[in-house]
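Student: Input: one structure, supplied below.
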Amino acid sequence: MIAGLRPKWERGRIQGHLGRFGFSGQEVQRRADSLSGGERARVALAILMLSGANLLVLDEPTNHLDVESIEALEDAIEAYDGTVILVSHDRALLRALTTRIWILHERRMTEFAGSFAEWEEVSTERAHAAAVTAAEEQALRQVHEHQRVAPQPRQDPRKELRRAQQELEEAEARVAELEAQVAKVVAALEDPALYTRPDGTRAAHELGTQLETLKRDLEAGLERWTQATEQVEMRAPR
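And the structure:
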C-alpha cells in the first residue's frame, strides 16, 4: 500500500516510514488481512501521513487503540509538518502534543494562553473555588438555622449585652466584607476573558492564591460571628 502511494520511494525509505509506526523486519511484508486491529490502525496512520494534506483534523484518535498504536500516533503527529486539530479526552495525549488550546464550554469557545498542564491547574483551582463557595453557603445556612432554633438564655447585665451586641455587629460586617471579596475573585476566575490574556496564567494563579487567603479569613470570621451570636443570645433578656 505504501509503495502504491509512493512509487518512487526505495524499499529502505518505505521500511523507514513503517518503522516509525512500529513495523520492522518481515512485518512490512505482511498482508493487511493478517494484521490485528491495533496494527491496522497503525497502518492507517502511516497512510494518512502520506496524504499530502497540510491540515489534519483528528476526532478522538486514541479511541480503541492499543498502547503501541497510541505511541505511534504521538510520534507521527510530532513528525508531521502540517497543522493538526486534535479533539480528544486523552489528557496524556494532549499534554504531549498540544501547542495551542481552545476550550469549548457552555457553547462558547475561547483560546487559553498557556500549556495544557497550566490549563489543568487553572481548571482545578476554578472547580475548587466553586466547591468552597457552595460549602460556605451551606455553613452560613446552618449558622442561621442554629440562630433561629437556639433556646432563649438566661438574662445577664445590660452592659455585657451591649458589649456582645457590638462584637456581633463587627463580626457581621467583617463576614459580609469577606463574602463580597470572595465572590469578586471567584467571578474573575470564572471569566473566560481572563484566560485569553497574555498574562492569564499568572493572573489566574495570583487570584487562586488570593482566594485561599480569603477563604481562611472567612472561616475565622464565621467562627467569630457564631461565637458572638451565641453570646448575644445568652445575654438577651427573656
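When the letters of the sequence shown are read in order and numbered with the working numbering, they come out as residues 76 to 313.
From the three backbone atoms N, C-alpha and C, an ideal C-beta is built for every residue, glycine too.
Taking a contact to mean a Cβ-Cβ separation below 8 Å, would you say I95 touches A154 in this structure?
Tutor: The count along the sequence shown starts at 1 and reaches residue 95 at position 20. The count along the sequence shown starts at 1 and reaches residue 154 at position 79. Checking the sequence shown, residue 95 turns out to be Arg, not Ile. Against a cut-off of 8 Å, the Cβ pair of A154 and R95 comes out as a contact.
Student: Under 8 Å, do E146 and G113 count as touching if we go by C-beta distance?
Tutor: Counting from one through the sequence shown, the residue named residue 146 turns up at place 71. Counting from one through the sequence shown, the residue named residue 113 turns up at place 38. It is not a contact, given that the beta carbons lie outside the stated cut-off.
Student: Specify whether the stretch 161-174 and the stretch 242-258 touch according to this definition: at least 3 beta carbon pairs, one from each stretch, less than 8 Å apart.
Tutor: The stretch 161-174 vs the stretch 242-258: no contact.
Student: Is it the case that the Cβ atoms of T137 and L148 are separated by a distance below 8 Å?
Tutor: As a position in the sequence shown, residue 137 is number 62, starting the count at 1. As a position in the sequence shown, residue 148 is number 73, starting the count at 1. Result yes, Cβ atoms of T137 and L148 sit closer than 8 Å.
Student: Could you check how far apart the C-beta atoms of A188 and Y270 are, in whole angstroms? I think they sit under 8 Å.
Tutor: Against the sequence shown, residue 188 aligns to sequence position 113. Against the sequence shown, residue 270 aligns to sequence position 195. With a Cβ gap of about 7 Å, A188 and Y270 count as contacting.
Student: Report the residue from W300, I160, G275 and N129 whose alpha carbon sits nearest the alpha carbon of A239.
Tutor: Here residue 239 refers to the residue found at position 164 when the sequence shown is read from its first residue. Taking only the C-alpha atoms, the option nearest A239 is W300.
Student: Assuming L282 and A263 make a contact with CB atoms under 8 Å, what is their CB distance in whole Å?
Tutor: Taking the sequence shown and counting its residues from 1, the one referred to as residue 282 is at position 207. Taking the sequence shown and counting its residues from 1, the one referred to as residue 263 is at position 188. Contact holds; Cβ gap of about 6 Å.
Student: Any idea if S111 is buried or exposed, counting beta-carbon neighbours within 10 angstroms, 16 or more meaning buried?
Tutor: Numbered from its first residue, the sequence shown carries residue 111 at position 36. Exposed, because fewer than 16 other Cβ atoms sit within 10 Å of the Cβ of S111.
Student: Per the DSSP calculation, M184 is bridged to which residue(s)?
Tutor: The sequence position of residue 184 within the sequence shown is 109, counting from 1. Answer is L179.
Student: Could you tell me the distance, in whole angstroms, from the CA atom of R249 to the CA atom of G157?
Tutor: What you label residue 249 is simply residue 174 of the sequence shown in a count that begins at 1. What you label residue 157 is simply residue 82 of the sequence shown in a count that begins at 1. Answer to the nearest angstrom: the Cα atoms are 57 Å apart.
Student: Which same chain residues, not among the five before or five after D231, have their C-beta less than 6 Å away from its C-beta?
Tutor: Here residue 231 is taken as the residue at index 156 of the sequence shown, counted from 1. Any reading at D231 needs caution, since the residue's pLDDT is 46, under 50, leaving its predicted position unreliable; the model's value is listed next. These residues qualify, in order along the chain: R310.
Student: Count the other CB atoms within 10 Å of the CB of H92; is the residue buried (16 or more) or exposed (fewer)?
Tutor: By 1-based counting over the sequence shown, the position of residue 92 is 17. Result: buried.
Student: Where does the unbroken beta strand (DSSP E) through T158 begin, and where does it stop?
Tutor: By one-based count along the sequence shown, residue 158 stands at place 83. T158 to V162 is the span of the beta strand (DSSP E), which, as asked, contains T158.
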